[in-house]
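First up is the structure itself, then whatever we jot down about it.
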Amino acid sequence: MRDGGAKNQNMDIVEYFGSDADIQPLLRKALASCDWRAGKFLLRLLEEQTFAKTLGEDGKIFFLLDGKTVVSFLTLTRQDCVAAPELTPWIGFVYTFPEHRGRRHAGILLDHARKCAAKARYPFVHLATDHDGLYEKYGFSYWGNLRDIHGEESRIYTAPAADITAVAESAQKRAREVVRRSGIREAWESIGAKVNPVGSLATGLLMKHRDIDFHIYTDTLDMAKRREAIARICADPHVSHLECRDLAATDEACLEWHILYDLDGESWQIDMIQILKGSRFDGHFEHVAERIRTVLTPETRRAILGLKYLTPEDEHIFGIEYCKAVLADGVRSYGEFSAWRKAHIVTGIDLWCP
Numbered sequence: 009m010r011d012g013g014a015k016n017q018n019m020d021i022v023e024y025f026g027s028d029a030d031i032q033p034l035l036r037k038a039l040a041s042c043d044w045r046a047g048k049f050l051l052r053l054l055e056e057q058t059f060a061k062t063l064g065e066d067g068k069i070f071f072l073l074d075g076k077t078v079v080s081f082l083t084l085t086r087q088d089c090v091a092a093p094e095l096t097p098w099i100g101f102v103y104t105f106p107e108h109r110g111r112r113h114a115g116i117l118l119d120h121a122r123k124c125a126a127k128a129r130y131p132f133v134h135l136a137t138d139h140d141g142l143y144e145k146y147g148f149s150y151w152g153n154l155r156d157i158h159g160e161e162s163r164i165y166t167a168p169a170a171d172i173t174a175v176a177e178s179a180q181k182r183a184r185e186v187v188r189r190s191g192i193r194e195a196w197e198s199i200g201a202k203v204n205p206v207g208s209l210a211t212g213l214l215m216k217h218r219d220i221d222f223h224i225y226t227d228t229l230d231m232a233k234r235r236e237a238i239a240r241i242c243a244d245p246h247v248s249h250l251e252c253r254d255l256a257a258t259d260e261a262c263l264e265w266h267i268l269y270d271l272d273g274e275s276w277q278i279d280m281i282q283i284l285k286g287s288r289f290d291g292h293f294e295h296v297a298e299r300i301r302t303v304l305t306p307e308t309r310r311a312i313l314g315l316k317y318l319t320p321e322d323e324h325i326f327g328i329e330y331c332k333a334v335l336a337d338g339v340r341s342y343g344e345f346s347a348w349r350k351a352h353i354v355t356g357i358d359l360w361c362p
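Here the sequence shown stands for residues 9 to 362, numbered as in my numbering.
The following block contains the structure:
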């Protein structure tokens with residue numbers, strides 16, 4: 009069975025597991041004739057039926073055929089040789105037979121794999137290699153280096169697949185539902201406070217990190233009043249954790265309230281910064297959010313969302329860093345962003361505003 013609609017210059021793309029039984033021996037024979045050690049390893053995974061166990065369920069192997077001649081092949085799988093579960097899916101085992109090289113045949117398969125990832129709603133595909141300067145010509149950007157399962161360093165590349173804005177809009181929708189269900193706004197307003205969303209929720213740049221930020225303005229930092237609002241919020245059984253930091257005596261003149269709100273299997277961190285009206289930061293971050301919304305273009309919004317999506321789960325980066333790097337300094341790839349952060353170390357509250 010041909011992989012529907014995948015034709016280029018009289019060539020066909022065939023997916024191994026979805027192909028007809030009479031074609032599979034031809035594809036395995038091509039792997040067996042491959043002079044690349046990884047190609048023979050891929051064949052062994054098929055013969056031993058350990059492909060899914062090694063590379064994840066629902067993986068695919070795409071072959072580019074010119075008639076009955078295999079020209080190139082690659083895989084699209086959940087896992088690869090790098091232990092980075094937050095990065096998925098992976099393009100791997102990219103190979104073109106020597107007599108067919110120099111004609112960008114691999115690019116046909118790379119494009120096809122990206123389209124398949126897009127259909128599955130993955131915003132990016134990832135690729136591990138020791139090549140430098142090869143995959144850039146196919147639309148990939150350098151992400152950084154990671155060690156593979158053999159302890160050797162690999163260069164990691166990424167390329168866009170599905171529309172990242174759709175992923176962000178879904179995250180924004182879930183965040184608004186959390187806000188509605190939590191009753192946070194109503195709890196604070198019941199004691200006369202003014203409640204303003206700030207950060208990623210306010211700019212529309214919420215991505216995969218489930219963080220919701222509010223600035224809460226009150227005339228005083230009265231203990232009894234704030235306890236009333238917090239008690240009302242924490243009465244919700246979805247609140248699993250509460251933490252408070254008293255910064256009333258500092259220049260920031262605020263109280264920080266942090267809760268974890270569990271909903272539909274997801275845990276959201278909600279940060280409520282109670283600020284004294286008229287103090288130093290009154291309205292500043294709301295203005296920054298408004299300015300970011302104003303200057304964002306569809307292209308810069310995708311760039312910021314992409315950087316956020318590609319950030320490792322254990323990496324803590326302030327939202328303002330993404331915006332500043334993209335909007336002020338033209339950063340577009342995660343590799344560029346990593347280098348930018350090394351040159352722009354955050355040492356305190358960043359007051360940058362576009």
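All residues carry an ideal CB built from backbone N, CA and C; glycine is no exception.
In three-state terms, what does DSSP make of residue i?
i: residue 100; result: strand
i: residue 231; result: helix
i: residue 49; result: helix
i: residue 168; result: strand
i: residue 260; result: coil
i: residue 62; result: helix
i: residue 130; result: coil
i: residue 57; result: coil
i: residue 149; result: strand
i: residue 81; result: strand
i: residue 205; result: strand
i: residue 276; result: strand
i: residue 68; result: strand
i: residue 355; result: coil
i: residue 12; result: With a pLDDT of 43 at residue 12, under the threshold of 50, the modelled position of this residue cannot be trusted; read the value that follows with caution. DSSP places residue 12 in coil when its eight states are reduced to three.
i: residue 87; result: coil
i: residue 198; result: coil
i: residue 341; result: coil
i: residue 29; result: coil
i: residue 137; result: strand
i: residue 287; result: coil
i: residue 331; result: helix
i: residue 43; result: coil
i: residue 36; result: helix
i: residue 222; result: strand
i: residue 294; result: helix
i: residue 155; result: strand
Quick check on the burial criterion: 16 or more other C-beta atoms within 10 angstroms. Buried or exposed for residue i?
i: residue 250; result: exposed
i: residue 296; result: buried
i: residue 33; result: exposed
i: residue 333; result: buried
i: residue 303; result: exposed
i: residue 276; result: buried
i: residue 15; result: Confidence at residue 15 is low in this model, with a pLDDT of 48, below 50, so its placement is unreliable and the value that follows should be read with caution. With fewer than 16 Cβ atoms within 10 Å of its Cβ, residue 15 is classed as exposed.
i: residue 65; result: exposed
i: residue 286; result: exposed
i: residue 228; result: exposed
i: residue 40; result: exposed
i: residue 12; result: Low confidence applies to residue 12: its pLDDT is 43, below 50, so where it sits in the model is not reliable, and the reading given next is rough at best. Its Cβ having fewer than 16 others within 10 Å, residue 12 is exposed.
i: residue 316; result: buried
i: residue 248; result: exposed
i: residue 353; result: exposed
i: residue 69; result: buried
Taking Cβ to Cβ, would you say residue i is nearer than 8 angstroms to residue j?
i: residue 206; j: residue 197; result: no
i: residue 328; j: residue 278; result: no
i: residue 92; j: residue 154; result: yes
i: residue 133; j: residue 97; result: yes
i: residue 101; j: residue 46; result: yes
i: residue 165; j: residue 137; result: yes
i: residue 169; j: residue 199; result: no
i: residue 234; j: residue 268; result: no
i: residue 72; j: residue 21; result: yes
i: residue 226; j: residue 261; result: no
i: residue 99; j: residue 121; result: yes
i: residue 321; j: residue 94; result: yes
Let me check you understand the geometry: is the CB of residue i closer than 7 angstroms to at least one non-hydrogen atom of the ligand MG?
i: residue 244; result: No copy of the ligand MG appears in this structure; indeed no ligand is present at all.
By Cβ distance, which residues of its chain are closer than 8 angstroms to residue i, with the 5 residues on each side in sequence left out?
i: residue 53; result: 59, 62, 63
i: residue 77; result: none
i: residue 162; result: 89, 90, 136, 137, 138, 153, 154, 155, 156
Starting from the C-beta of residue i, find all residues in its chain whose C-beta is less than 7 angstroms away, skip the five residues before and the five after it, and write them out in chain order.
i: residue 151; result: 164, 165, 166, 318, 342, 343
i: residue 337; result: 348
i: residue 271; result: 186, 189, 246
For residue i, which residues from the same chain have a beta carbon less than 6 angstroms from its beta carbon, with the 5 sequence-adjacent residues on both sides left out?
i: residue 361; result: 296, 299
i: residue 208; result: 214, 327
i: residue 148; result: 165, 167
i: residue 115; result: 146
i: residue 340; result: 311
Inter-stretch contact (C-beta, 8 angstroms, three-pair minimum) for the region 309–324 and the region 221–228: Verdict: no, contact absent.
Three or more C-beta pairs closer than 8 angstroms, one from the region 180–199 and one from the region 251–263: is that the case here? no
contact_flag[the region 178–188, the region 155–162] where n(CB pairs < 8 angstroms) is 3 or more: no
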